[in-house]
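Residue numbers (my numbering): 130 to 1207. Even for Gly, the Cβ is constructed at its ideal location relative to N, Cα and C. Just so we're clear, the structure is a prediction, and the values are computed from it rather than from any experiment.
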């Protein structure tokens, strides 16, 4: 039987109200109270119709596991409790199944969790879409673009440790199956002023801290950086370290993400070089100098930082230094060069740093787009995800907040329009009468800001472009003239009687009444930030860089493409970007996530009602609820409605066989719900008042309790009957087993008795048969014994004479034969082991077997020696033959011999073939080397020793220099006549050469070696095999040695040595050489 799927609903086990549309009564207090109640129970998501409200919990919750993904996969939006996965699934299924392009708009103030929400949306879509190597690669690239953009575009603020300081809109492209093909990212208004200055308690962009913390020493040295944050003026020190943030680990994550996205190693290195250059720009400082004409100019204090920047970017140092000191203005055919004072130089430095970083960020976005863009040209479905800054109201609001709030005004405008449009389309689709809904239209505020004629942005651009002196005050005066009568514009200098005495409105400010509340803007900096000027000299200096990336970031610096036209202002660029974004969003089906920050402490379990109230107001959530429930507060398809409430009517319970709509009509008629409280659409039932829905829920809850009681009663009856039948069946089974057991025991007892009787009878029969057999055997043995004695008597009578003649000899031979036979049998059992060195032998039992006993011992020893020798390999046989030869030559003759018995003969002690030092020596010898050993050659003149390499081959004896490997002497073996040595425990030996031979021109050789026995034995065997003549081995304590024309006596004497046990040699006179042996 298949497992039944248990469906739940948004209304089941509801904490507070899951959908704010059902909130009753609806006001700000109940709205916040409902959010707080759900937040306290870890329910951070709440609906407003199809809009998801997300409250940042500031901690990890177990609600994003793979199991949760499967729970929300392919489920109705209202089927489960509110969750961001429900909205993601609804958007993805609409895109895949209904071929509707989607967009997910995520808004909220800094720290509300917008970035995390966008990550969750993308991770859910990645989890539920198709699988495959190519698809997984695309998904991984899309997901890994986030760490890169966060590192370069996010920073720690007082409100958020990972605040997005730019707006991001990503279009994810899918094929007809719903598998991702690629994506396109658009960025809006990077807060580049943060590069050069950060408010107290905030940090610069993450990448600066990650680079200094996570880069290796080698990379830092290459980038000419130091790990100490305090070395850089652009980095604030009061918040350099953030609790819970590992900048070093994040740097490794970013490097890995860049590799996955598709950045080459060269591109990554170039990006880090630009980041390093921006950091070092902040360390350039200027000092004033007076010129002859009385004008002030600036000079760089320490040119070392400038030099390192130029080395990093491959820019001519003189070109960049001049760009910081002079400004060139071009007008038609004229060029005017003016000096920069210290304030202007600092402005130029900061402008360059901001432009360099913002252009690098734009390049990163474009480079990521190249990697993640769809490779195929087939028609694509698109899901857009907008993660953009929320409405901002600070103590000091400047140009950035003005631009951000303008963007939020446009988003609010499109939100209201699309929400109303969606409501109206559903009413028309369901054939429900549409009623007009009154709501605040913020188009008047958008017009105040963006109107091309007298909008604030237009007037700001006009003020920036006009000739003459332009200041923030002149801009404010222009606003006061044009916007004084506008109902949403307030200024104390507008000569409007309402604000002349308003002390909360300073003279240098203006106030705009946005949809989310009034915001006071400081006019200071509006003109400069809107101009966003970078001196042409700096652009041209950057274009001249040998660094390919930096050169590509400043195309306007190319002298061949000089454009005297003023570049567009920051306000006009952003206005155009917002217009493009709005146009893009209007072509897609919108889905909204409203993020709320519960407290300013970034702490869990804290819900600040005043802070949440402020966000609810400027997000317009109450107005959103009122728009949603202006007609009908709740709507539901007929099938799930009937399935949920069918138990409230006897006609529909337990099964309704007709159409679902008819069942719902019967149900509502039975419950006597007033007709004005609901309407029937084509596929849905529309309920006007939430009270009606809650009344239905209360009736359903009571009915479920009644049904539960009925089910319990039936179940208990069934359980008792089943238990009784089981007991009855068990009793029958137990009785049957008891009877069976009793019969088995009785049978076992009878069987056991029968076996005992049988065993006794068989025993009696066996004993009777045994007695009979024993009697027969005794009779037979007695007859045999009598017959044997009788035959013996007969034989003795017959041969008595014969036995008496040879009895002694026969007895002797028989006895001797028995003794020898016994001797051999005993020897068989007493044989010693097969080891040739085992000298054990059993003693002889009789004296007359002495010669036989010795002969057997000799034969057995020879036999086991042969058995032992048969086990040897050819190499072992050769070794033992050499050892045997040495024994015959030196045993009991040379005192050194016993210590050499246990040492194996190795021959090649120097390993000439493996040692590269002796390569030249190896190449000079073509024969097989039998011995390669270092010996001490005794000097003929003074008896001192010199190290030489002693080499023995098949035909020659060679001496070579130990250090150079050069061959000093080469003696054919046929010229060797004799080897002399003493009988003492020393290693001296003389090699006598044939008189008249070429090798004997200098006389015989006298050597000292630690392996005398081995060398003499191998020399003896090699000479014998080559000349078929035995080499004479003379062992004597005095022998003559031929030294050139003289014969010298070598005499070995006993004596104590200064250097221990080492023998010494000393020339006494021309005829005597004494060797003192310890």
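For residue 250, the closest C-alpha among the options 259, 232, 265 is that of 232.
Under the DSSP assignment, residue 447 falls in the alpha helix (DSSP H) whose first and last residues are 446-454. Per DSSP, reduced to three states, the secondary structure at residue 299 is strand.
Taking 8 Å as the upper bound for CB-CB distance, residue 319 and residue 487 are in contact here, some 5 Å apart. In the three-state scheme derived from DSSP, where H, G and I count as helix and E and B as strand, residue 775 is classed as helix.
At the C-beta level, residue 644 and residue 521 stay beyond 8 Å of one another. Residue 638 is bridged by DSSP to 651. Between residue 640 and the set 577, 897, 668, 679, the nearest pair of CA atoms involves 577.
Excluding the 5 residues flanking it on each side, residue 811 has same chain C-beta neighbours closer than 8 Å at 558, 559, 560, in chain order. Using a 10 angstroms sphere on the CB of residue 672, the tally of other CB atoms reaches 16 or more, which defines it as buried. For the 8 Å CB-CB criterion, residue 309 and residue 268 form a contact. Beta-bridge annotation (DSSP): residue 427 is paired with 417.
Within the same chain, 1024, 1025 come within 6 Å of residue 1114 by CB-CB distance, once the 5 residues on both sides are set aside.
For residue 865, the number of other beta carbons within 10 angstroms of its own is below 16, and it is reported as exposed. Residue environment for residue 750: buried (at least 16 other C-beta atoms within 10 angstroms of its C-beta). Scanning 469, 438, 1065, 386 for the CA closest to the CA of residue 427 turns up 469. Beta-bridge analysis with DSSP links residue 358 to no other residue. Within its own chain, the residues whose Cβ lies closer than 8 Å to the Cβ of residue 1133, once the five positions on either side in sequence are excluded, are 1119, 1120, 1121, 1122, 1170, 1171, 1172, listed in chain order. Proximity to residue 166 across 734, 987, 242 peaks at 734, based on C-alpha coordinates.
By alpha-carbon distance to residue 401, the top candidate from 456, 345, 370, 413 is 345.
A buried status is given to residue 474, since no fewer than 16 other beta-carbon atoms sit within 10 Å of its beta-carbon.
If you check the CB distance, residue 466 and residue 316 do not come in under 8 Å.
Between the C-alpha atoms of residue 512 and residue 272 there is a straight-line separation of about 15 Å. When rounded, the separation of the alpha-carbon atoms in residue 212 and residue 726 is 17 Å. Close CB contacts of residue 290 within its chain, under the 6 Å cut and outside five residues either way in sequence, are with 371 (chain order). Of the candidates 891, 206, 1067, 1053, the residue whose Cα lies closest to the Cα of residue 1042 is 1053. Uninterrupted beta strand (DSSP E) stretches at least 3 residues long and entirely within the region 222-250 occur at 231-236, given in chain order. For the pair of segments examined, the region 738-758 was found to touch the region 172-180: the number of CB pairs separated by less than 8 Å reaches three. The region 646-665 makes no contact with the region 433-444; the number of CB pairs closer than 8 Å stays below 3. By the criterion of at least three beta-carbon pairs nearer than 8 Å, the region 1100-1113 is in contact with the region 1156-1169.
Along the length of the region 1147-1199, whole beta strand (DSSP E) runs at least 3 residues long occupy 1161-1164, 1167-1172, 1175-1183, 1193-1198, reported in chain order. Taking C-alpha positions only, residue 323 is separated from residue 731 by approximately 22 Å.
Residue burial annotation: residue 594 is exposed, with fewer than 16 other C-beta atoms found within 10 angstroms of its C-beta.
Using a C-beta cut-off of 8 Å, the region 224-239 makes contact with the region 498-516, since at least three inter-stretch Cβ pairs fall below that distance.
Under the three-state reduction of DSSP, residue 1007 is assigned to helix. Between residue 160 and residue 745 the beta-carbon gap is near 6 Å, inside 8 Å, which marks them as a contact.
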